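So the structure is just underneath, and the comments pick up after that.
Protein chains: 2
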Amino acid sequence: MMWKSASRSAHAVRAENFVFDNVAVMGYAREVMRKVRLAIMGSGSGTNCQSIFNAIDDGRLDAEVVLVLSDHADARILERARQRGVPAEVMDCAGYKNKFPLEEQERVAQRLTGLGVDMVCLAGFMRLVKEPLLRAFPNRILNIHPALLPNFPGVEAWTQALHAKVKQTGCTVHYVDAGMDSGEIIMQAFVPVLPDDTPETLHARIQVQEHILYPAAILSAVSRLG
Amino acid sequence: MMWKSASRSAHAVRAENFVFDNVAVMGYAREVMRKVRLAIMGSGSGTNCQSIFNAIDDGRLDAEVVLVLSDHADARILERARQRGVPAEVMDCAGYKNKFPLEEQERVAQRLTGLGVDMVCLAGFMRLVKEPLLRAFPNRILNIHPALLPNFPGVEAWTQALHAKVKQTGCTVHYVDAGMDSGEIIMQAFVPVLPDDTPETLHARIQVQEHILYPAAILSAVSRLG
């Protein structure tokens, strides 16, 4: 669908030419394109947000983070952004514990559009995104989940995997749709479950892979933009 | 298994500390570690070899390619290596069309060990690797395959996917074992199959994702070394 868009961006057309040349010349695309502009939304400590910062700093991801948003004013993710000099803002969820009010989603969509955001990365964001944001950023909102989706959606996916006695689990970056952890998959990293794993040891190994996977999946999503 | 090794490398210990700090500080690891030394083996045009070169050049992969090997003296992959100043050598397969003689595998293993190779990347290499190389490089030989393994192993995997009328296919980086496309999976990138796809258009979109996936999966494999 994305690939059939009549109004392809310069990036997409170039990427396609590269393919038919049978060589990916991403370095060239970088020189002629502006940097990809990312927004990150999270509810907690922001380790995946930090991994995106790290990937930018060490060259794995040619992008810039223009805004970090959280639904909790005291979330560590906001502190990480401020330490870096990235604007950090609190969303107003009107006191709801889990709901993401539609009016606030509308406001956030306008804020992100105004900033020229290309891609929105959810990083431990604990509320469901709905139409106002999805419509404003079609195929441009990503999430990372600590399991091989569609297996083990929802909370503590690593504990679910352990209880299910699977031999391997991992992490998934997917497009966000209106469901929970249900959008189209972009990339997955696999992690073996070891006989003496605890939830903590398994989660720790999955997190190492999350921090490698998410930056690569962002590049992948950018390469698919039509 | 890898994670339970009693003799962990400095890299693995550091990576683990990062996890328990809940922050992946790969940039730091880079400063204190020597670069990862890669060898690449291919039979054909070497587009995935080129994508590894490109990833190194644009900063996505902090590694160096110390040797490129081919079973065909006129393979374009050797030319790509020479153009870059990377040593390019031909393997002696004794006139066999498909077989990879064990004596030659033994010789190659010694050559790679002598060069201090950390990781061997197969990139369109059309012979099966067996014990001599697998024993010398346990969990250190990777391959990329143009399908979501275990679906569609073998040749023209994108055509297989099209004939099977699946809605999505993709590419897989996996550890190499003695079978064909059967080793443990490291990472996968997903690619939707479109209604009007031909083998060529589908293959082209998969290749774009291969060139993003392989460098990330090499980093993933390095992060798992025990």
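In the order they appear, the protein sequences are chains A and B. Per our numbering, residue 1 is the first one in the first sequence, and the count goes up by one each step. Per our numbering, residue 227 is the first one in the second sequence, and the count goes up by one each step. Backbone N, C-alpha and C define an ideal beta-carbon position, used for all residues, glycine too. Bear in mind that the values here come from a model prediction, so they are computed numbers and not experimental data.
(message) Determine whether the beta carbon atoms of K261/B and A289/B lie at a separation below 9 angstroms.
(response) In this structure, A289/B lies closer than 9 angstroms to K261/B by Cβ.
(request) Name, in chain order, the residues that DSSP records as bridge partners for N369/B. (result) Its beta-bridge partners are L348/B and H400/B.
(request) Please state whether DSSP places L162/A in a helix, a strand or coil. (result) Three-state DSSP puts L162/A in a helix.
(request) For T113/A, collect the residues of the same chain with a Cβ closer than 7 angstroms to its Cβ; drop the 5 residues on either side in sequence, then sort them by chain order. (result) If you ignore the 5 residues before and after T113/A, its C-beta comes within less than 7 angstroms of the C-beta of A136, all in its own chain and listed in chain order.
(request) Look at the alpha carbon of D71/A and the alpha carbon of G396/B, and state the distance between them as a whole number of angstroms. (result) Distance between the alpha carbons of D71/A and G396/B is about 35 angstroms.
(message) Quick check: what's the CA-CA separation for A94/A versus S45/A?
(response) Between A94/A and S45/A, the C-alpha separation is close to 22 angstroms.
(request) Using a threshold of 9 angstroms, state whether the C-beta atoms of A299/B and A307/B are closer than that. (result) Contact: no.
(request) Can you give me the start and stop residues for the beta strand (DSSP E) that F53/A sits inside? (result) It is not in any beta strand (DSSP E) - F53/A instead sits in the alpha helix (DSSP H) that spans T47 to D57.
(message) For a contact defined as C-beta to C-beta under 9 angstroms, what are the partners of M187/A on chain B?
(response) Residues of chain B passing the Cβ test: G396, M413, Q414, A415, F416, Q435, I438, L439 and A442.
(request) Look up P376/B in the DSSP assignment and give the residues it is bridged to. (result) According to DSSP, which records beta bridges pairwise, P376/B is partnered with nothing at all.
(request) Would you mind working out which of G268/B, M267/B and C275/B sits nearest Y440/B, comparing C-alpha positions? (result) Here the closest residue by C-alpha is C275/B.
(message) Does chain B have any CB closer than 9 angstroms to the CB of R140/A?
(response) Not an interface residue.
(message) So if I threshold CB-CB distances at 9 angstroms, which residues from the segment 279-292 of chain B count as touching chain A?
(response) For the segment 279-292 of chain B, which is checked against every Cβ of chain A, the residues closer than 9 angstroms are N280, A281, D283, D284, G285, R286, L287 and D288.
(request) Within the same chain, show all residues whose beta-carbon is closer than 7 angstroms to that of Y28/A, passing over the 5 residues directly before and after it, in chain order. (result) For Y28/A, the predicted structure reports a pLDDT of 44, less than 50, and the residue's modelled location is therefore unreliable. A value from the coordinates is still provided. The answer is none, since no qualifying residue turns up.
(message) Assuming the contact rule is C-beta atoms closer than 8 angstroms, I412/B and F53/A should be a hit. Round their C-beta distance to whole Å, please.
(response) Contact doesn't hold; Cβ gap of about 24 angstroms is too wide.
(request) Could you list which residues in chain A have their beta carbon closer than 7 angstroms to that of S446/B, in chain order? (result) Result: A189, Q209 and I212.
(message) Given this structure, state the Cα-to-Cα distance separating E436/B from E410/B, to the nearest angstrom.
(response) Distance between the alpha carbons of E436/B and E410/B is about 17 angstroms.
(message) Please confirm whether S296/B has its beta-carbon closer than 9 angstroms to some beta-carbon of chain A.
(response) It does not; no Cβ of chain A falls within 9 angstroms.
(message) Rounded to the nearest angstrom, what separates N369/B and T198/A at their Cα positions?
(response) Taking the CA atoms as reference points, N369/B sits about 30 angstroms from T198/A.
(request) Output the distance between the C-alpha atoms of S408/B and P372/B, rounded to the nearest integer angstrom. (result) Computed Cα separation, rounded: 13 angstroms.
(request) In angstroms with no decimal places, state the Cα-to-Cα distance between E79/A and V90/A. (result) If I take the Cα positions, the gap works out to 11 angstroms.
(request) Measure from the alpha carbon of K167/A to the alpha carbon of each residue in I218/A, P153/A and L194/A, then state which is nearest. (result) Nearest C-alpha to K167/A: L194/A.
(request) Please say whether S223/A and V434/B have beta carbons closer to each other than 9 angstroms? (result) Cβ distance < 9 angstroms, so V434/B and S223/A count as in contact.
(request) Leaving aside the five residues before and after A442/B along the sequence, list all residues of the same chain whose C-beta is less than 7 angstroms from its C-beta, in chain order. (result) The residues M413, in chain order, have a CB closer than 7 angstroms to that of A442/B in the same chain once the five nearest residues on each side in sequence are set aside.
(request) Out of A204/A, V68/A and H163/A, point me to the one whose CA is closest to L38/A's CA. (result) Of the candidates A204/A, V68/A and H163/A, the one whose C-alpha sits nearest the C-alpha of L38/A is V68/A.
(request) Mind checking which residues open and close the beta strand (DSSP E) that includes G405/B? (result) Following the DSSP letters along the chain, one finds G405/B in no beta strand (DSSP E), marked with neither H nor E.
(request) Could you tell me which residues DSSP pairs with F190/A in its beta bridges? (result) F190/A is bridged by DSSP to G170/A.
(request) Have a look at L115/A, G179/A, R205/A and L128/A and flag the residue whose alpha-carbon is nearest the alpha-carbon of K97/A. (result) Residue L128/A holds the alpha-carbon nearest to the alpha-carbon of K97/A among L115/A, G179/A, R205/A and L128/A.
(message) Could you pull the DSSP bridge partners for R263/B from this structure?
(response) In the DSSP output, where bridge partners are listed per residue, R263/B has E290/B.
(message) Does the CB of S182/A have a neighbour CB from chain B at under 9 angstroms?
(response) Chain B contact via Cβ: absent.
(message) Suppose you measure from the CA of N151/A to the CA of H163/A; what does that come to, to the nearest Å?
(response) So the two alpha carbons sit approximately 13 angstroms from each other.
(message) What does the Cβ neighbour count give for E103/A, buried or exposed, with the cut at 16 atoms within 10 Å?
(response) Around the Cβ of E103/A, a 10 Å sphere holds fewer than 16 other Cβ atoms; the residue is exposed.
(request) Would you tell me roughly how many angstroms separate the C-alpha atoms of Q83/A and D57/A, rounded to the nearest one? (result) The alpha-carbon atoms of Q83/A and D57/A are separated by roughly 14 angstroms.
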